[in-house]
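Protein sequences appear in the order of chains A and B.
Counting from 1, position 114 in the first sequence corresponds to residue 114 in the working numbering; the numbering is continuous, with no gaps.
One rule links them: number in the working numbering = place in the second sequence (from 1) + 1000.
Using N, Cα and C, we set each Cβ at its ideal position, and we do this for glycine too.
Remember, predicted model here, so these are calculated numbers, not experimental data.
Encoded as C-alpha cells, the structure appears first; notes follow it.
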Amino acid sequence: MKNVVIMTLITVLVSGYTINTTAQQYTSLQYTIAVPVNDLKAYIEKTSFRGFTFEYQTKVNSAIAVGVAVGYNLFYERKAYDTYNDGTASLSGIQYRYTNSIPIHVNGMYFLRKENQFNPFVGFGIGTTYTLRDTDMGLYRWEEDTWNFSLRPEAGFIYKFSDNTGLKFALRYNAAFKTSELEDQSFFSISTGVVFIK
Amino acid sequence: MKTALNFLVMIIALPLLQSCYPEGAEYVDELDIVYTNYDPSFNFNETKTFALPDSIIKIDDTQFSSKNGSSNPEFISSQYASVIINSLRENMMSYGWTEVNKSENPDVILLCSVTSTTYVYYYYDWNYWNWWYPGWYGGMGWYYPGYYYPTYRTGYSSGTLFIQMVDAKNTATEGKIIVPWSAEFNGLLQGTVTSLNARFKKSIDQAFIQSPYLKQ
C-alpha cells in the first residue's frame, strides 16, 4: 500500500512538471491550524496551532490545476495525572502526547470562476499521511508510526493581489484511514498563506 | 526569483516550528510514575498478615554473592527508608492487614529495594535477602506468576524503588517463591530529603489506590 502511494506521488509529481511548463503555476506556503477528529481526537483533543502546508500546482486547462501538497502539523496535549490499566498492570503518571502528522497528496483544484481576482475553488487530494505518535510518561517514551491511506477534499479561494501573488485560503478534511498500527488519524484544517503565480 | 523566495520562506519557517516544539515535563515530580502488577489467581482475601524488614537494599552494579548469608548488602539511608517503610506499613494496615514479626509465620512478606542505575534491567537474586528472609535456602529465586517480569525493560532512569509482596506460605515448584504483587516507582532522584520523601510517600499511596484488590 505504502509503495503504491509513493509511486503514484512520484509519477504525478514528475508528470506535473512535464505536462506543460508554460502553463500557469501556483506555488503556495500556508500556515495551517488543524482540529483532530475521530480516533486522533480520542488521543489528543487539543487543536494544533503548529503547522504548515506547501503546495505546487500546474494548470492543465483554464479551470483545473493539478499538483502536489505536503504539510506538517504537530498535535500536543499534556494529560493530567491518571492511571492506565493494561490487563493486570496499572501505570500512573502524567502523559505528554505528541502526534506528528505529515500529509502528502496528489491533488487537483477546480476553479469556479476563471481569471477573476477572487477565485473560489474546490479540490481533492489522494495520497498518504505519515503519522508519528510519541507518548511520554515518566522517563519513558512509547513511539508508534504508520503510513495511513489518505484522502483530502477541500474548498477555498485564491485572492490575487497582482498577477503574480495572492492569498490562498482553504478548508480541508484530511482523512487518514486506519492501519494495523494506528487507528484513524483524521483532522480538519484551516490553511491560509501566500500563493505565487507564474 | 519567486522560487528562491519560496524556499527562503520555508527555510525560515521550519526552525520556527522546531523552536516551538512543546518540551513536556517542567518539574521533577512530573516525571514520577507508579507501576503495579499482580497475579489474578492469587486470593489476597485469604491473606491477613504481613512482615517487612526495617531496611531497604541499595542495588548496585556489582554482583552480590553471599549464599551463606555471611554478609549484608548495602542499605539506603534510614532518613529515606523510614519514610518508605512507614508509608508501606500505613497503607497495608489501612487496607486491613496486620503486621507480624517474620518469625510469626506471616502470610506475605514485603521487600523493598532501590536502584539508581542508568539503564533499568532490574535483576537481583535471592541471595540479597538471605540476611533476613525466613526459611531461605540456596538456589531459590523469584517467580512472577501470570505476568512478565515487572522491571525487565530498558530506558533511561535515575531512580527506581521496587517493592515486591512475597507469598511466605506457599512455595512454588523448583524453589521459586511466588510474588503475587509488585510495585515500582520510577523518577529522577533530585531534590531535598523532604521533597524526595514526599514523592516516595505519594507514590506508595498511589500504588495502593491503584491496587484495590489488596483490600481485606
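Host beta strand (DSSP E) of residue i (start-end)
i, result
"Ile64 of chain A", "64-86"
"Arg1199 of chain B", "Not the beta strand (DSSP E): Arg1199 of chain B falls in the alpha helix (DSSP H), residues 1193-1209."
"Asn100 of chain A", "89-111"
"Ala170 of chain A", "165-176"
"Ile1033 of chain B", "1033-1038"
"Pro153 of chain A", "140-160"
"Asn1114 of chain B", "Residue identity check: residue 1114 of chain B is Val in the sequence provided, not Asn. That run of the beta strand (DSSP E) goes 1108-1115."
"Thr192 of chain A", "187-197"
"Thr1050 of chain B", "Checking the sequence, you will find Phe at residue 1050 of chain B rather than Thr. Taken as a continuous stretch (DSSP letters only), the beta strand (DSSP E) holding Phe1050 of chain B covers 1049-1051."
"Asp1167 of chain B", "1159-1167"
"Val122 of chain A", "118-137"
"Thr53 of chain A", "50-59"
"Gly1141 of chain B", "1141-1143"
Of the residues the options, the one placed nearest residue i, counting alpha carbons only
i, options, result
"Thr27 of chain A", "A:Ile33, A:Val70, A:Asn38", "A:Val70"
"Glu1026 of chain B", "A:Asn119, A:Tyr84, A:Ile94, A:Ala23", "A:Ile94"
"Leu1110 of chain B", "B:Ile1057, B:Gln1079, B:Pro1073, B:Thr1192", "B:Ile1057"
"Ser1093 of chain B", "B:Tyr1080, B:Ser1082, B:Asp1060, B:Ala1051", "A small correction: the amino acid at residue 1093 of chain B is Met; Ser does not occupy that position in the sequence shown. Nearest option by C-alpha distance: B:Ala1051."
"Asp1060 of chain B", "B:Val1193, B:Leu1161, B:Gln1210, B:Asn1045", "B:Leu1161"
"Asn119 of chain A", "A:Val37, A:Val195, A:Asp39, A:Ala23", "A:Val195"
"Leu1214 of chain B", "B:Trp1129, B:Ala1183, B:Ser1071", "B:Ala1183"
"Lys79 of chain A", "A:Phe149, A:Glu45, A:Pro103, A:Asn61", "A:Glu45"
"Ser1055 of chain B", "B:Leu1031, B:Thr1036, B:Ala1168, B:Ser1113", "B:Ser1113"
"Ala1207 of chain B", "B:Val1193, B:Met1165, B:Ile1076", "B:Met1165"
"Gly1175 of chain B", "B:Phe1075, B:Ser1195, B:Ser1158, B:Gly1135", "B:Gly1135"
"Gln1216 of chain B", "B:Tyr1035, B:Asp1107, B:Asp1032, B:Tyr1128", "B:Asp1107"
"Ala23 of chain A", "A:Gly51, A:Tyr43, A:Val66", "A:Val66"
"Lys1201 of chain B", "B:Gly1024, B:Tyr1021, B:Asp1032, B:Ser1158", "B:Asp1032"
"Ala1221 of chain B", "B:Thr1049, B:Glu1074, B:Ser1041, B:Val1083", "Within the shown structure, residues of chain B are numbered from 1001 to 1216, placing residue 1221 of chain B beyond reach of any answer."
"Tyr199 of chain A", "A:Asp145, A:Tyr76, A:Thr146, A:Val122", "The question about residue 199 of chain A has no answer here: the residues shown for chain A are numbered 1 through 198."
"Ser62 of chain A", "A:Met109, A:Pro153, A:Asn164", "A:Met109"
"Ser150 of chain A", "A:Asn164, A:Asp163, A:Glu181, A:Phe187", "A:Phe187"
"Trp1132 of chain B", "B:Ala1168, B:Tyr1143, B:Trp1097, B:Thr1098", "B:Ala1168"
"Asp39 of chain A", "A:Phe111, A:Ala170, A:Phe75", "A:Phe75"
"Thr1194 of chain B", "B:Tyr1080, B:Val1034, B:Ser1041, B:Phe1044", "B:Tyr1080"
"Asp1029 of chain B", "A:Met137, A:Ala155, A:Arg141, A:Gly166", "A:Met137"
"Leu171 of chain A", "A:Phe161, A:Arg152, A:Gly127", "A:Arg152"
"Gly1024 of chain B", "A:Phe169, A:Arg141, A:Leu167", "A:Arg141"
"Ala175 of chain A", "A:Thr129, A:Gly156, A:Thr58", "A:Thr129"
Coarse secondary structure for residue i, derived from DSSP in three states
i, result
"Val37 of chain A", "coil"
"Phe1044 of chain B", "helix"
"Lys1176 of chain B", "strand"
"Tyr1133 of chain B", "coil"
"Leu1189 of chain B", "coil"
"Ala42 of chain A", "helix"
"Tyr1128 of chain B", "helix"
"Lys1058 of chain B", "strand"
"Leu13 of chain A", "Low confidence applies to Leu13 of chain A: its pLDDT is 48, below 50, so where it sits in the model is not reliable enough to give any reading."
"Glu1104 of chain B", "helix"
"Leu29 of chain A", "strand"
"Glu1030 of chain B", "helix"
"Ser1182 of chain B", "strand"
"Pro1212 of chain B", "helix"
Supposed close pair residue i, residue j - CB separation, criterion 8 Å
i, j, result
"Leu1212 of chain B", "Tyr1038 of chain B", "Note that residue 1212 of chain B is Pro in the sequence shown, not Leu. Contact doesn't hold; Cβ gap of about 11 Å is too wide."
"Ser1087 of chain B", "Ile1204 of chain B", "4 Å"
"Leu139 of chain A", "Asn1186 of chain B", "7 Å"
"Gly193 of chain A", "Gln25 of chain A", "About 16 Å separates the two Cβ atoms, so there is no contact after all."
"Gln185 of chain A", "Ser48 of chain A", "Incorrect: roughly 12 Å between the Cβ atoms, too far for contact."
"Ser1116 of chain B", "Ser1158 of chain B", "6 Å"
"Asn148 of chain A", "Phe177 of chain A", "6 Å"
"Thr99 of chain A", "Arg133 of chain A", "5 Å"
"Ala34 of chain A", "Ser189 of chain A", "4 Å"
"Glu143 of chain A", "Glu181 of chain A", "Incorrect: roughly 11 Å between the Cβ atoms, too far for contact."
"Glu200 of chain A", "Arg97 of chain A", "Outside the displayed range of chain A (1 to 198) lies residue 200 of chain A, so it cannot be described from this structure."
Span of the alpha helix (DSSP H) around residue i
i, result
"Ala1081 of chain B", "1078-1094"
Interface residues of the stretch 1029-1041 of chain B facing chain A [CB-CB below 8 Å]: Glu1030, Leu1031, Asp1032, Ile1033, Val1034, Tyr1035, Thr1036, Asn1037, Tyr1038, Asp1039, Pro1040
Interface positions of the stretch 83-94 of chain A facing chain B (Cβ-Cβ less than 9 Å), listed along the chain: Thr83, Asn85, Gly87, Thr88, Ala89, Ser90, Leu91, Ser92, Gly93, Ile94
Chain B contacts from the stretch 37-49 of chain A (Cβ-Cβ distance under 7 Å): none
Proximal residues, the stretch 137-156 of chain A versus chain B, C-beta separation under 7 Å: Met137, Gly138, Leu139, Tyr140
Near-chain A residues of the stretch 1182-1203 of chain B - C-beta to any C-beta below 7 Å: Asn1186, Gly1187
Under 8 Å (Cβ pairs) to chain B, residues found in the stretch 57-83 of chain A: Tyr72, Leu74, Tyr76, Arg78, Thr83
Interfacial residues, the stretch 1095-1115 of chain B to chain A, with Cβ spacing under 8 Å: none
Where the stretch 96-113 of chain A meets chain B: residues whose CB sits under 9 Å from a CB there: Tyr96, Tyr98
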